[in-house]
Amino acid sequence: MLKWFMADLHIHTCLSPCGDLQMTPQKIIKQALERKLDVIAICDHNSGKNLNPIIKLGSQNGLSIIPGMEICSSEEVHVLGLFNLIESALEMQNIVYENLNGENDPDIFGMQVIGNESDEVEGFENKLLIGAVDLTLEEIVNHIHQLDGIVIASHIDRESYSVIGQLGFIPDSVKFDGLEVSASLPKEKLDQLKVEFSNYQLIQNSDAHFLNDIGKCTTQFFIKEPTFEEIKKAFKKINGRKISIN
Ligand SMILES: [Zn+2]
Ligand SMILES: [Zn+2]
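Residue 225 in this note's numbering sits at position 225 of the sequence shown, and the numbers go up by one each step.
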């Protein structure tokens with residue numbers, strides 16, 4: 001039987017240099033449960049190094065976690081990759097890391113903290129996670145699809161780091177499964193985008209960098225259970241599955 005589940009599929013952790021240091025594995029899980037979310041996706045910038053502890057804590061606490069990543073293409077377009085398996089997300093991380101240059105300067109960009117299930121600091125990522133990957137948008141999208149992932153264009157209404165902001169349009173060669181609109185988008189503008197991009201599925205997430213923002217904005221999925229496979233089917237509208245934003 002299908003029912004509605006509440007999802008926030010774009011949450012950063014303390015690994016993202018712009019993510020608050022309070023965005024630790026335990027605290028993210030606690031906040032997501034308090035906000036009555038059924039499923040969340042963890043999407044740090046260009047890395048999946050905090051996925052493991054959060055997925056473990058999620059399964060211990062009955063919260064479905066989708067391993068993801070927000071990748072910055074060479075055109076400086078942000079794109080979300082969502083994966084069924086953590087192994088696939090980490091394979092994507094390997095591809096990204098091979099094409100990501102530079103070292104982080106914590107004083108300028110912020111710390112990149114790798115945590116564990118006990119919310120202890122395991123280490124710091126030295127790669128420049130805020131940087132652009134030396135792969136085109138099309139190459140990134142194709143890699144995610146080869147790993148059976150879902151591809152979402154991040155915050156398309158934003159002027160910077162979005163496919164519309166950077167390129168002005170969605171190239172035919174880039175096959176997004178869905179488009180994300182920002183949490184802060186006024187209803188009027190949202191209605192405009194729904195018309196403009198009526199051939200795409202729109203979703204809305206918090207893009208949380210702070211605990212308080214988790215679940216501030218959600219997407220509802222009419223599916224069997226809050227899993228990656230069901231969400232993937234919802235994007236394809238298989239057997240009555242559907243997606244709703246406010
Ligand atoms: Zn972004
Ligand atoms: Zn983000």
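Ideal Cβ placement from N, Cα and C applies to all residues, glycine included.
Test item: CB-CB of Asp213 and Val181 under 8 Å:
no
Return the bridge partner residues of His45 from the DSSP annotation.
Glu70
Would Leu167 pass as a contact of Lys27 if the rule is Cβ separation under 8 Å?
no
Helix, strand or coil: which one does DSSP assign to Leu202?
strand
Going by beta carbon distance, what residues of the same chain come within less than 6 Å of Ser16, once the five residues before and after it are set aside?
Asp44 and His45
Mark Pro106 as exposed unless 16 or more other C-beta atoms lie within 10 angstroms of its C-beta, in which case mark it buried.
exposed
For the region 45 to 56 against the region 122 to 142, are there 3 or more C-beta pairs whose distance is under 8 Å?
yes
Identify the residues that DSSP records as bridge partners of Gln223: which are they?
Note that residue 223 is Ile in the sequence shown, not Gln. Lys3.
Using only the alpha-carbon positions, how far apart do Gln22 and Gln31 sit?
11 Å
In chain order, each alpha helix (DSSP H) run of at least 4 residues that lies wholly inside the region 102 to 146:
106 to 109 and 137 to 146
Answer yes or no: the CB of Asp38 versus the heavy atoms of ligand 2, is any distance below 7 Å?
no
Report, in whole angstroms, the separation of the C-beta atoms of His78 and Glu70, which I expect to be a contact under 8 Å.
6 Å
Three-state class that DSSP yields for Ala183 in the structure shown
coil
State yes or no: is the C-beta of Ile152 within less than 8 Å of the C-beta of Leu179?
yes
Count the other CB atoms, across all protein chains shown, that sit within 10 Å of the CB of Ile238; report buried if there are 16 or more and exposed otherwise.
exposed
What is the chain-ordered set of residues for which the beta carbon lies under 5 Å from any non-hydrogen atom of ligand 2?
Glu70 and Asp207
From Pro186 to Glu75, what distance separates their C-alpha atoms?
27 Å
Residue from Arg241, Thr24 and Cys14 with nearest C-alpha to Gln201:
Arg241
DSSP state of Ile40, grouped into three classes?
strand
Taking just the CA atoms, how far does Val39 sit from Ser64?
5 Å
Can you give me the Cβ contacts of Trp4 inside the same chain, cut-off strictly under 6 Å, excluding the 5 residues immediately before and after it?
Gln220 and Phe222
Endpoints, alpha helix (DSSP H) assigned at Leu15
It is not in any alpha helix (DSSP H) - Leu15 carries neither H nor E in the DSSP assignment.
State yes or no: is the C-beta of Asn99 within less than 8 Å of the C-beta of Val133?
yes
Neighbour-count burial assignment, Ser73, 16 or more Cβ in a 10 Å radius
buried
Does the Cβ-Cβ distance between Gly247 and Pro25 come in under 8 Å?
Here the chain comprises residues numbered 1 to 246, so residue 247 is not present and cannot be evaluated.
Assuming the contact rule is C-beta atoms closer than 8 Å, Leu147 and Val163 should be a hit. Round their C-beta distance to whole Å, please.
Incorrect: roughly 20 Å between the Cβ atoms, too far for contact.
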